[in-house]
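Some notes on the structure that comes next.
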Amino acid sequence: METPSSSTPVTLEDVARRAGVSPSTASRALNGSARKVRDEYQSRVHAAAAELGYTANTAAQAVARGRGDHLAMVVNGINDDYFSPVAAGVLKAAEADDRMVTMISSRNSAQQATRVVSTLRSQRPRAIILAGGRSVTSTVWEERLVEELAAFQSEGGRVVAISEEGMPFDTVSLDNVAAASELAAALVGLGYRRVTILGGPADARTAHDRVQGFVAGLAGHGIEVPPSGVIHCGFDRDGGYAAAGECLRRRMPAELVLAISDTVAVGAIARFREAGLSLPADMAVAGIDDVTVLRDVAPALTTVRLPWPEAGRAALDLALQPAGAEPRLVRLTGHAVLRESTPGIGGR
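In my numbering, the protein residues as written are 6 to 353.
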């Protein structure tokens, strides 16, 4: 039987010839089809493809199945301090399953995310995983985004949201309220009473939930935080730096600063040190997320470790399952990790 030369790309016709079947049968066996191929032919075609080193045409697979086998993930930004660990969790889970994920940035814009999803609808990926912070109050573009995602799912695609409770799709939720509440309660247990919260953007759902958790955890131990005790800022290092400067300008009598993210906490630490404060002797600081940058922070930062790998695995699992009659919710919680940045009132 004639064998293609090593310099000539192996074609579907070569595989069909080697397996002794028609090219259309070989195509259905390799690319998938609603028409079932007999097991005997399946085995022969796949054996021939392996022997010849044939690589299936993924575009043909998408046409045959009506949908591609790759997944798309839409995130606020590639370097987003909150969603980068989420994206890493999804990519790690996908790699373990030998699946390809295309990552696209929405540039922290619901309008851009809507355009991205509209484009993805024409490319027909198997699923879209949405990991981007929503506003506390829904905007027109957020409503349009939901409509675009719903249309994608009605066409046979799958949609999974991460940290987006309230959307009409399967969701993996990181319980930000519980995470912040647990951390606040643990630090009250170390003797802290005068607390300032660096609360992130006032209109961001994640920041709102974490502030709510901080306030609830403190209130559970009789500590009230007035509105003036919450300083809103950007959800990044520069936001924390600016908020700490505002805290100093107001001469707030805080002994503990609770930041809504580790990167906000890192910025606050830099500003406090610049002002001549000794940490944690003069000011204790804590964050949430347990991001990798903390390895270089001294003193070691108290935080909440969130289950990023589990969130990624759960999102991928949902994306690969058929849609249920009702949206499914997987809620994951973190746990407080107490470190040197909060030694307690008696431990300074």
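The C-beta atom is built at its ideal place from N, Cα and C for all residues, glycine as well.
- Straight-line spacing of the CA atoms in Ala-316 and Glu-18 works out to 43 Å.
- Using a 10 angstroms sphere on the CB of Asp-102, the tally of other CB atoms stays under 16, which defines it as exposed.
- Here Arg-199 carries a coil assignment [DSSP, helix/strand/coil].
- Assignment of beta-bridge partners to Val-177 by DSSP yields Ile-167, Val-335.
- Annotation: the continuous beta strand (DSSP E) that includes Val-309 extends over 308-310.
- The region 45-60 makes no contact with the region 117-124: fewer than 3 CB pairs, one atom from each, lie closer than 8 Å.
- Three or more pairs of CB atoms, one per stretch, sit closer than 8 Å, so the region 129-138 contacts the region 153-164.
- Assignment of Leu-17 by DSSP, reduced to helix, strand and coil, places it in the helix class.
- The DSSP-derived three-state label of Ala-98 is helix.
- When the beta-carbon positions are compared, Pro-90 and Leu-261 stay at least 9 Å from each other.
- In terms of CA proximity to Ala-324, His-75 leads the group Ala-34, His-75, Arg-33, Arg-256.
- Across the set Ser-127, Ile-167, Ile-236, Leu-263, the C-alpha of Ile-167 shows the shortest separation from the C-alpha of Arg-336.
- Excluding its 5 nearest sequence neighbours in each direction, Glu-345 has C-beta neighbours in its own chain below 6 Å: Pro-304, Ala-305, listed in chain order.
- A straight line joining the alpha-carbon of Pro-232 with that of Cys-238 spans about 14 Å.
- Going by DSSP, Val-302 is part of no beta strand (DSSP E) at all; its letter is neither H nor E.
- Counting along the chain, His-340 sits inside the beta strand (DSSP E) bounded by residues 340-342.
- Between Arg-198 and Ile-228, the beta carbon gap of about 6 Å places them in contact (Cβ cut-off 8 Å).
- Note on Ser-266: 16 or more other CB atoms within 10 angstroms of its CB, so buried under the neighbour-count rule.
- Taken in chain order, the complete alpha helix (DSSP H) segments of 4 residues or longer contained in the region 231-310 are 242-254, 267-279.
- With 16 or more other CB atoms across the displayed protein chains lying within 10 angstroms of its CB, Val-121 is buried.
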